[in-house]
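Participant:
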Amino acid sequence: MMQHTGFEDAEERIRETELAIQRSEKILAENMALRSRMRGLVDAAYREIDRLNEDHSAG
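Mapping of the sequence shown onto this note's numbering: residues 80 to 138, in sequence order.
#1: How many angstroms separate the CA atom of Lys105 from the CA atom of Glu91?
#2: Roughly how many angstroms lie between the CA atoms of Asp129 and His135, to the nearest whole one?
#3: Should Lys105 be listed as close to the ligand ZN, given that the test is whether its C-beta is under 7 Å from any heavy atom?
#4: Using the C-alpha atoms, what's the distance from Asn132 back to Ala108?
#5: Would you kindly work out how many angstroms separate the C-alpha atoms of Ala123 and Thr96, rounded to a whole number?
Below, the structure is given as structure tokens:
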């Protein structure tokens with residue numbers, strides 16, 4: 080196994096950190112998209128509940 084100098088070790092840690100940041104950004108973007116879709120579903124469910132309650136009250 081090849082010995083790394085302190086500089087090479089630092090460069091490797093920087094590369095690994097950059098990859099970890101990229102993965103984190105991707106996961107964050109996916110989570111934000113899922114949150115938006117879920118919020119839309121919750122809002123639609125509340126609208127449907129309100130509509131059913133109005134129909135029940137009127138009927």
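The C-beta atom is built at its ideal place from N, Cα and C for all residues, glycine as well.
Facilitator: By the coordinates alone:
#1: 21 Å
#2: 10 Å
#3: As for the ligand ZN, it is missing from this structure, which has no ligand bound.
#4: 36 Å
#5: 40 Å
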